[in-house]
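The block underneath contains the structure these notes are about, expressed in structure tokens.
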Amino acid sequence: MANKGAAILECEDVTVEFDGFKAVQGMNLQLQKGELRFLIGPNGAGKTTMLDVICGKVRPSAGSVTFGGKVDITRKHEHQIAELGIGRKFQAPSIFKDMTVMENLEIAMRQKRSVMATLFARMNSEDEGRLNGQLSMIGLSSKGSWRAGGLSHGEKQWLEIGMMLMQEPEVLLLDEPVAGMTDKETDKTGELLHEIARARSVVVVEHDMEFVRNFASKVTVMHEGKLLKEGSMEEVQGDDRVAEVYLGRRREEHASRSTA
Amino acid sequence: MELFILQLFNGLSISSILLLVALGLAITFGLMKVINMAHGELIMIGAYATYLTQNLFLDYMPASMFNWYFVLAIPVSFAIAFAIGLVLEMGLIRFLYGRPLDSLLATWGVGLVLQQLARTIFGAPNVAVKSPAWLDGGMQIFGGTLLPYKRLFIIALVIACLVAMYVYIYRSLEGRRMRAVMQNREMAACLGVSTRRVDAMTFAIGSGIAGIAGCALTLLGPIGPSLGTYYIVDAFMVVVLGGVGKLVGTVLGATGIGMFNTLFEYWTNASLGKVLVFVCIVAFLQWKPSGLVAMRTRSLD
Amino acid sequence: MQLTRITGNRLWILGAYLVAAAALFSAPLVFSDFRLNLLAKFLAFAIVALGLDLIWGYTGILSLGHGIFFGLGAYAMAMYLKLEASGGKLPDFMGWSGLKELPLFWMPFENFGAAVALGILIPALLALGLGYFTFRNRIRGVYFTILTQALVIITTTLLVGQQAFTGGTNGVTGYSTLLGYSLASPETKRVLYWVTVAVLIGIFILCRYLTGSRFGKVLRAIRDGENRVRFIGYNPAVYQMVIFTVSAAIAGIAGMLFVLHVGIISPSMLGIVPSIEMVLWVAIGGRGTLIGAALGAILMNWAKSEFSTAYPEGWLFFMGAMFVIAVVFLPKGVAGLFQWRGKDRKKWLPAWARGSGGKLRTGEKEGSVPQG
Amino acid sequence: MRKGLFYQFALLIVAVSMVLAGCGANNEPASSGTNAPQESSASGGSDNGEIKVGILHSQSGTMAISETSVIDAEMMAIEEINAAGGVLGKKIVPVLEDGASDWPTFAEKARKLISEDKVATVFGGWTSASRKAMLPVFEELNGLLWYPVQYEGLEASPNIFYTGATTNQQIVPSVTWLLENRGKKVYLLGSDYVFPRTANLIIKEQLKAEGGELAGEEYTPLGHTDYSTIISKIKAADPDIVYNTLNGDSNVAFFKQLKDAGITAEDMTTLSVSVAEEEIRGIGVDVLAGHLAAWNYYQTTDTPTNAKFVESYKAKYGADRVTADPIEAGYTAVYLWAAAVEKAGSTDVAAVKEAAKELEWDAPSGKVKIDGETQHIYKTVRIGEVQADGQFKELWNSGEAVKPDPFLKGYEWAASIQQ
């Protein structure tokens, strides 16, 4: 479907400073259309900060982020970036908890976002169809009129993914989508992710190697704010430096976990 | 020249009063994120505590001792305001952590009740506090300029309070616990710090300092049920302008407002001066929403 | 089946509203002139409460400066009435203050239409201006609230200080006619009462529409998590600005009606205390429900008028206590009491109001954008 | 949510019926005025052997400081009159209402007293703002108000009797006295509201006419508490006299800080027009001793009626209480009204007004007389000095009661103010 080869997102030489501390230094990242990319690395490697830069939450002190081959988004506000088609899911579920599940999806739905448009917006049958479809996709069909705050942790995560999908972004940024989930929930999230990755470009920050291994896709390893290695899971796992800074430390733990 | 020095001193004096009034808030608002609108009423309580101490000396102590009532009044004001702050924290404020706007409204209600309580106990009219004789008069400098002892005393008192607070927060075990809880509540709790106790103590200390402010204000102004309402908004402006959560910011905020207030008041008149100061604060906060000394964090919230 | 039950309920509610509207319209048949005048004043307050609820209850922004918007609307109407009462001469207080001719900015208020338009526009523009800077600079929560207080101080000090132009602390009073009809006559009063009821109903319907629309849902989303809204692609600053402006305009309208019923406006009505009292009506009635806000305003003022006479001292105790209780234990106000037996009985409190003590702080993180 | 709507409906019905029932119930005259238990179901001002009068002052809020004492004095006068047989053989029944320091509330309560309680007259108000708020109500409903405080003049409503001083009974003579006795250079300091601004407008004209010199003019917001800058300005201007029209709490701050700045009554004369015996207690005698005030009455005023008045006031409310000018004016107002009603033989407003013309009474402040034309009263002007015991020593008085002249028609220099 998508013409592979055209980068939809290109980060060049991105540097982020917090009070002199360089969280990200000269990071490069290229994302192809339709690609599913995992961003891994030990704590404090700058993964989340990278996502923050792309979605506009953090302004880089140097470098550029180009979207769709032409737009530099480092000068844009968060909401403008979101409107361009970059969606972000945060680590902790951040849904609107005093609104119903359906309302959450409704305002996230792709639509004109101006005051005038929302003032006179009418729900047509097409919209309703889309909302209901999304609701069943994230498995919350029976809970459409629940207060979102009343959902379980996993359900909140799915709702948030559902909200992102309603936005119909071209690029999705997911920060640890399976953190804190039960095994069963993790599996279901994995399915969701496969589904999502089919139609769009996705960047996932993840710690759970087991989860990452289920996807045959490119992995980028970050360490101390810099790019350490980029390649397939096998290549990355075979790399000595990666093993040293990251996998080395986790191999033991990981082994015990897979045998459990 | 003489006028210039006098005005400089006046500005300093107003700054010191503002700082004294705002110090307690800097703790309750700056550290605990509780908007205590009853802060002004705690100041009022401190003032009435001074009045009561004075009356006790008048009634039970020899007249020669009278001048020393004020020395006792400072700790008494602190203690009474501290106790009321403690009760307030345990009975109300603890339900309001994490809801700053609600704490604003609820404590406003408390302030209303305290004012009315004062009116019921002491009557609506102002009461008089006779300042001790050793604070009468002033220091002559450069021939003519007279710096009143009372204002000098308040400046000294503020410095003393600041030093005490610094030592308490940064040099004592209790203070370390307090900082730990304010920075990372869960972690502190995990490490065995009783967060409930620290919360209560912190709030009570903030209240106690308001009591000291009330005691000092009896030297210069009226003592009545609505005393607190004159200072509360100014106090908030000092803390917000200075930057929430930083003592240095509060000091700078108070100095800034005090100096500009004196300057504008001298140039124009008292009403316009006040308006100008507030306009400047609003404009400044548009430019630097987190105040003079900002706490930099990676968090957006 | 589900559908019919909902429509059934809707009919009931519609019926209830119609009965309430009819009762309000027919009040002049039952009430003495004095009581009617009181009720009219309360209805004007209910209008402000609706506007305040839009911004506080639905969008989560606490304004302690609505007294200003209310007051500016009131002053606009008062200036018109004063000029009409002065009959071409200089208003009396200008004379005492040494003015020789009418200041330029008073001129437009000679015309009723212009005065009404300005009574809505001035508060709206002031709110827009303040909102433009503060919301764009992402000043919110407590900081916004404290800024509104600063605005109150600025406005009242200016109004009091510029006596020659504003009437000073006395305010503007001593009116005689409105468009030629005597304000003192019972007929005019009755008509003005009906006008107030009609405006209240109109604004209620407007608020109802606003909060029910997708626009309203975005507002509630902003209340729940402003930053999150940004990442779905809405610009919260614009939404906040718009609703703050609408809210201020509504307060201005209420102020104009207030002056017509009460016959005086003075800077004390714009102060911090009345501004907080307005918030109290909404808090006690129930923030986030329109009917709660409106009834809160009416009931609190009615209670104040009745009890303050009998127990002038007890009244303040009562009001302070009500404030504490409503905020701490009834975050949804009295209206919340009637809602809590819905489906999710245990969840009738919003998350931020549930639980107690230190737990809340951690709970709060959820929903807001987490740290990087 | 749907269920929620249903309960909203229930709430609506309950609340609407409560409001309507509440207002409705109070609509019946029998239950109005809940605070006057002894009152019967009289619907008029003078039925069933009783005459209802309204007392409308601030019992709460910032003005309660001053106004509660006036209520005490008015209640005492009513009791005394009742003990002596009442008016027209009927008892006076006071209906108390709280103005709550809020001007619209004054208007609302005035309307209630006249149209619901149907009182014969109202004693009330303190600030100019409260009087201005009530004035249209009294004129609209043809009620009668007795206003007991000195004020800025330039007003004469047919429905108000003014028992406090107007400008020519306090300010104008005191300025003349100061210019003759204390110097020519006058500094005007006042709170930022109507009375000081109007008073100073008059004083400035008077200074021009009587050879005084204006050294400066400053206004501070109500509740201002730091006077250091103002005092610096005063020092720089070096006047002979500070004419002080500050209000309330500001006086405390001003006098305390004036003393700290090393300025005493010997260095500079300060004359206040809003500092009476009650305020002295709140400011402290130590900072006030030696300063001057201008009033029509002091607790120390030597008249036979005053000795009795002070004695019964202290007996009734406590030995530590003091009397002051507005307290005396409130007390006088009640007696003047009662005398006018006796003379008219009715409580009808028009009849009482007619009867009140040129009515005389021996008030605690001396002989007073109602001026039929302006409905103000003739009063003796007195300048006093604060003594160490918190009382005033009279330095000068006008000898005879001065005819009220609210529009200053008798003063040529005031032409520009009269319009």
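Chains as they are written, first to last, in this note's numbering: chain A, 32 to 291; chain B, 881 to 1181; chain C, 264 to 635; chain D, 3 to 421.
Cβ coordinates follow ideal geometry from the N, Cα and C atoms, glycine included.
Note that this is a predicted model, so its numbers are computed, not measured.
**Asked** What residue range is occupied by the uninterrupted alpha helix (DSSP H) comprising Gln-61(A)?
**Response** Taken as a continuous stretch (DSSP letters only), Gln-61(A) belongs to no alpha helix (DSSP H), being part of the beta strand (DSSP E) at 52-63.
**Request:** Assign Asp-1079(B) to one of three DSSP states: helix, strand, or coil.
**Result:** helix
**Request:** Return the bridge partner residues of Met-1019(B) from the DSSP annotation.
**Result:** Leu-1027(B)
**Item:** Where Trp-359(C) falls, given that 16 or more other Cβ within 10 Å makes a residue buried
**Value:** buried
**Request:** Kindly indicate the opening and closing residues of the alpha helix (DSSP H) around Met-133(A).
**Result:** 132-139
**Request:** Quick one: list the residues of chain A neighbouring Val-505(C), beta-carbon separation under 8 Å, in chain order.
**Result:** Val-146
**Message:** Counting only C-beta atoms, is Asn-636(C) closer than 8 Å to chain A at any point?
**Reply:** No statement about residue 636(C) is possible, as the shown extent of chain C runs from 264 to 635 and does not include it.
**Request:** Would you give the residue range spanned by the beta strand (DSSP E) that Val-1173(B) belongs to?
**Result:** Val-1173(B) -> no beta strand (DSSP E), and no H or E assigned at all.
**Asked** Is Pro-96(D) helix, strand or coil when you go by DSSP?
**Response** strand
**Residues in the region 136-168 of chain A having any Cβ partner in chain C nearer than 7 Å** = Glu-137, Ile-138, Ala-139, Arg-144, Val-146, Thr-149, Leu-150, Ala-152
**Request:** May I have the straight-line CA-CA distance separating Gly-635(C) from Gly-170(A), to the nearest angstrom?
**Result:** Only weak support exists for where Gly-635(C) lies, its pLDDT of 32 falling under 50; the value from the coordinates is given anyway. Straight-line Cα distance between these residues: approximately 29 Å.
**Request:** Please classify Ser-619(C): is it buried, with 16 or more other beta-carbons within 10 angstroms of its beta-carbon, or exposed?
**Result:** The pLDDT assigned to Ser-619(C) is 34, lower than 50, so where the model puts this residue is not dependable; a value taken from the coordinates is nonetheless given after this. The residue is exposed, with fewer than 16 neighbouring Cβ atoms inside 10 Å.
**Message:** Contact defined as beta carbons within less than 8 Å: I believe Gly-1123(B) pairs with Gly-583(C). What is the distance between those atoms, to the nearest angstrom?
**Reply:** Not a contact, Cβ separation roughly 31 Å.
**Prompt:** How about Arg-471(C) and Glu-137(A): are their beta carbons less than 8 Å apart?
**Reply:** no
**Asked** How about Asn-564(C): is its C-beta nearer than 8 Å to some C-beta of chain B?
**Response** no
**Asked** Touch check for the region 138-150 of chain D and the region 105-122 of chain D: three-plus C-beta pairs under 8 Å?
**Response** yes
**Item:** 6 Å Cβ shell around Thr-322(C) - same chain, five flanking residues per side excluded
**Value:** Leu-482, Ile-485, Arg-486, Ile-506
**Prompt:** For the 8 Å Cβ check, are there 3 or more pairs between the region 225-244 of chain D and the region 1099-1111 of chain B?
**Reply:** yes
**Message:** Assuming His-59(D) is part of the beta strand (DSSP E), what are its boundary residues?
**Reply:** 52-59
**Request:** Kindly indicate if chain C contains any beta-carbon less than 8 Å away from that of Thr-227(D).
**Result:** no
**Message:** Can you tell me whether Arg-153(A) is buried or exposed? The criterion is at least 16 other CB atoms within 10 Å of its CB, across all chains shown.
**Reply:** exposed
**Message:** Quick check: the Cα distance between Phe-375(C) and Ser-326(C), rounded to an integer number of angstroms?
**Reply:** 29 Å
**Prompt:** What do you get for Val-354(D), buried or exposed, if any count of 16 or more other CB atoms within 10 angstroms of its CB means buried?
**Reply:** buried
**Request:** Kindly list the residues whose CB is nearer than 7 Å to the CB of Ile-964(B), restricted to its own chain and excluding five residues on each side of it in sequence; keep chain order.
**Result:** Leu-922, Ile-925, Ser-1087
**Prompt:** Does the beta-carbon of Ile-39(A) have 16 or more other beta-carbons within 10 angstroms, so that it is buried, or is it exposed?
**Reply:** buried
**Asked** For the candidate residues Phe-407(C), Val-509(C), Met-563(C), Phe-428(C), whose alpha-carbon lies nearest to that of Leu-367(C)?
**Response** Phe-428(C)
**Prompt:** Just how far apart, CA to CA, sit Glu-275(A) and Met-197(A)?
**Reply:** 41 Å
**Prompt:** How many angstroms separate the CA atom of Ala-546(C) from the CA atom of Leu-317(C)?
**Reply:** 13 Å
**Message:** Let's see if you can read the secondary structure: which residues bound the alpha helix (DSSP H) around Thr-411(C)?
**Reply:** 405-424
**Prompt:** Taking 7 Å as the cut-off, is the CB of Ser-448(C) close to at least one heavy atom of the ligand HEM?
**Reply:** As far as ligands go, the structure on display features none, and thus does not contain the ligand HEM.
**Prompt:** If Leu-67(A) sits next to Val-236(A), beta carbons under 8 Å apart, how far is it from one beta carbon to the other, in whole angstroms?
**Reply:** That belief does not hold up - the Cβ atoms of Leu-67(A) and Val-236(A) are roughly 13 Å apart, past 8 Å.
**Item:** Simplified DSSP state of Tyr-931(B), which is helix, strand or coil
**Value:** helix
**Asked** the region 189-212 of chain A: which residues have C-beta closer than 8 Å to a C-beta of chain C, in chain order?
**Response** Met-194, Gln-198
**Message:** Under 8 Å, Cβ to Cβ, is there at least one residue of chain D near Tyr-1146(B)?
**Reply:** yes
**Prompt:** Which same chain residues, not among the five before or five after Glu-279(D), have their C-beta less than 6 Å away from its C-beta?
**Reply:** Gln-301, Val-324, Ala-326
**Request:** Let me know if Pro-198(D) comes out buried or exposed under the rule of 16 or more other beta-carbons within 10 Å of its beta-carbon.
**Result:** buried
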